[in-house]
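Participant: In UniProt numbering, the protein residues as written are 1 to 324. Cβ atoms here follow ideal geometry from the backbone N, Cα and C, with glycine treated the same way. Quick caveat: nothing in here was measured; it's all calculated off a predicted structure.
1) I need the straight-line Cα distance from residue 261 to residue 277, nearest angstrom please.
2) Cα separation between residue 263 and residue 180?
3) I want to check one thing, is the minimum distance from the CB of residue 221 to the heavy atoms of the ligand FMN below 7 Å?
4) By a C-beta neighbour count over all protein chains shown, 10 Å radius and 16 as the cutoff for buried, is residue 173 buried or exposed?
5) In angstroms with no decimal places, state the Cα-to-Cα distance between residue 286 and residue 317.
6) Residue range of the alpha helix (DSSP H) that residue 74 falls in?
7) Report back the beta-carbon spacing between residue 269 and residue 242 to the nearest angstrom; my notes put them in contact at under 8 Å.
8) Tell me which same chain residues have a C-beta within less than 6 Å of the C-beta of residue 130, skipping the five on either side of it?
9) Grouping DSSP H, G and I as helix and E and B as strand, with all else coil, what is residue 247?
10) DSSP has residue 169 in a bridge; who is on the other side?
11) Would you kindly work out how many angstroms separate the C-alpha atoms of residue 301 and residue 311, rounded to a whole number?
12) In whole angstroms, what is the alpha-carbon distance linking residue 294 and residue 228?
13) On the DSSP bridge list, what partners appear for residue 60?
14) Which residues bound the alpha helix (DSSP H) around residue 137?
Laid out in structure tokens, this is it:
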């Protein structure tokens, strides 16, 4: 039985989640439909622009993304602390970037005088918006609904554009996070849409590499803060260059003309993560196939399953063989 989304997401278990939205009715999100000859490539920019906007508005960090022909991958970090540190006015202003709000919230945003009853009503609304700002379901809804409306208008049709539910996976440890991010960033290479990470259009890895060349970091993407330590700052627990090296190495091994395992040039980050090189390559080729609701080492996914009320741990044996 499909479980409700609220029991698939638990901040007590992990703040990191891999989410996938897929089109229905053989619809094309982007690219060229070989059946009809119609080119939908421009839609790729629609969704990338929307993702980057949502990363500014929500208290959800965008760790990785890839916009494919009929589905979208995202790796998200729920930053509840950020949402709770925002003032009421900041919450209101963020939400108004996406939605009109109400007459009262518009009045509050203008800082017009308000009576006591109006203040109470606005406070209740803003308290709900604050919770929405770190809700993955609200994030995915804010991503998918506008794209569906625009695509349906362009296709001159009505009805569903996306599957009814987006898929989510809890990434329970650092190794699962790294493997999932690399899997997402390498999607275009596996699909033969690009030869290298830096030429993979509409992916987070291309943004990161382009910014790194200018000694910058993309402001709309989650930041790399280095290897785990105490005190650990908020951000991805790797160095940027380690991660880029890892994705570049993995992408080269995955190419059709380079099937061999280039163990001599294996980035040291794989050793630190404790994943066997063969297992790493298997994960980054078929992450979704090899993993289910929970991803990580056996003890980590057991703890996550227990915390979320699962009687059994989905795919425990497979994760144990890949992550240890």
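Facilitator: Taking the definition as stated:
1) Locating residue 261 in the chain shown gives position 261, counting from the first residue. Locating residue 277 in the chain shown gives position 277, counting from the first residue. Its pLDDT being 39, under 50, residue 261 is placed unreliably in this model, and the coordinates cannot settle the point.
2) Taking the first residue of the chain shown as position 1, residue 263 is located at position 263. Taking the first residue of the chain shown as position 1, residue 180 is located at position 180. Caution is warranted here: a pLDDT of 47 is assigned to residue 263, below 50, making its placement in the model unreliable, and no coordinate value can be reported.
3) The ligand FMN is absent from the structure shown, which contains no ligands of any kind.
4) Within the chain shown, the letter at position 173 stands for residue 173. When all chains shown are included, residue 173 counts as buried.
5) Position 286 of the chain shown, counted from the start, is the residue given in the question as residue 286. Position 317 of the chain shown, counted from the start, is the residue given in the question as residue 317. Approximately 16 Å, taken between the alpha carbons.
6) On the chain shown, position 74 is the one that residue 74 refers to. Premise fails: residue 74 lies in the beta strand (DSSP E), 71-78, not in any alpha helix (DSSP H).
7) In the chain shown, counting from the first residue as 1, residue 269 sits at position 269. In the chain shown, counting from the first residue as 1, residue 242 sits at position 242. About 4 Å; that satisfies the 8 Å criterion.
8) Position 130 of the chain shown, counting from 1, holds the residue named residue 130. Counting only Cβ-Cβ distances below 6 Å, and skipping sequence neighbours, we find 83 and 91.
9) Counting from one through the chain shown, the residue named residue 247 turns up at place 247. It is helical.
10) By one-based count along the chain shown, residue 169 stands at place 169. BP columns for residue 169 point to 18.
11) One-based indexing of the chain shown puts residue 301 at position 301. One-based indexing of the chain shown puts residue 311 at position 311. Rounded to the nearest angstrom, the two C-alpha atoms are 12 Å apart.
12) Mapped onto the chain shown, residue 294 falls at position 294. Mapped onto the chain shown, residue 228 falls at position 228. Taking the straight line joining both Cα atoms gives about 22 Å.
13) Position 60 of the chain shown, counted from the first residue, corresponds to residue 60. In DSSP, residue 60 forms a bridge with 78.
14) Stepping through the chain shown from its first residue, residue 137 is reached at position 137. That run of the alpha helix (DSSP H) goes 136-155.
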